[in-house]
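So in full-length UniProt numbering, spot 78 of the first sequence is number 78, and the numbers just go up one at a time.
Just below is one structure, and these are the notes that go with it.
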Amino acid sequence: MPRPGKRLAGAAGPDKKGLSGKRTKTENSDETSAQVENSSPQTTSDSKKYGKNLSNYWLMKSEPESRIEKGVDVKFSIEDLKAQPEQIACWDGVRNYQARNFLRAMKLEDEAFFYHSNCKEPGIVGLMKVDVQFVRIMKRFISLAELKTYHQAHKATGGPLKNMALFTRQRLSVQSLTQEEFDFILSLEEKEPD
DNA sequence: GCCAACGTTGGC
DNA sequence: GCCAACGTTGGC
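Below, the structure is given as structure tokens:
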């Protein structure tokens, strides 16, 4: 999976194995961390495209169930995020280049859905802000199956989820959402589940 | 656990 | 730069 990693945060931490240990061998130096990012006047096409003051919306996948990969448990659920010091995590371990570009394009305070993948009940479980910090649990779980139902319907009707990356860019672990997609998904919280 | 989808790698 | 082999993601 998409390994959004995790590992802890910032300041305080006693990390166990740690950060510097790193399992990503090939990655050169450019570790991507949403926490830090920012900044610079660097221009990548993604940062241009998503830049400036517009607010951007994201969906970030993480696996809530234990699974050992190269000797490391990749589990990181929204409850794990909530349990971090200051409820902030460092989102490392993302290898796919487009996903990494998205991490670099994020701006502090952008809003992101926390998505549980590769598990019994995949779907959106909560909200974060880029930092990457826990904001809240969704008022109700928005399952992949429900999103897919809307996606299918919207393909026919031209509704907001017709191009949602979760379905059109299936394996991307960090994806961007349009404002319409984000707002529509948030509005689902107020509806009864199907 | 299976396997489809799709990204990455590397030979040519 | 094509494309087959391989590896990863992630639903089911």
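Every residue gets a Cβ at the ideal spot worked out from N, C-alpha and C, and that includes glycine.
With which residues is residue i paired in a DSSP beta bridge?
i	result
HIS116	SER62 and GLY123
LEU177	TYR57
GLN133	ILE88 and LYS129
SER143	GLY123
ILE68	ASP73
GLU111	TYR57 and LYS129
State the Cα-Cα distance for the pair residue i and residue j, rounded to the nearest angstrom.
i	j	result
ASN56	ARG67	31 Å
ALA105	GLU190	30 Å
VAL130	THR157	32 Å
GLU27	GLU192	With a pLDDT of only 37 at GLU27, under the threshold of 50, the placement of this residue in the model should not be trusted; the figure read from the coordinates follows. Approximately 44 Å, taken between the alpha carbons.
ASN101	TRP91	13 Å
TYR97	MET128	22 Å
TYR115	LYS155	22 Å
ALA99	SER117	15 Å
VAL135	LYS61	16 Å
ALA112	TRP58	4 Å
ILE137	VAL125	6 Å
LEU172	GLU79	22 Å
LEU144	GLY159	17 Å
ALA11	PHE167	Note that ALA11 scores a pLDDT of 27, beneath 50, so its modelled location is shaky and nothing firm can be said.
Could you check if residue i is buried or exposed, using at least 16 other CB atoms within 10 Å of its CB as the buried criterion?
i	result
ALA83	exposed
GLN179	exposed
ASP183	exposed
SER187	exposed
LYS120	exposed
GLU63	buried
PRO85	exposed
ASP73	exposed
What is the residue span of the alpha helix (DSSP H) that residue i lies within?
i	result
GLU79	78 to 83
GLN98	97 to 105
LEU166	165 to 168
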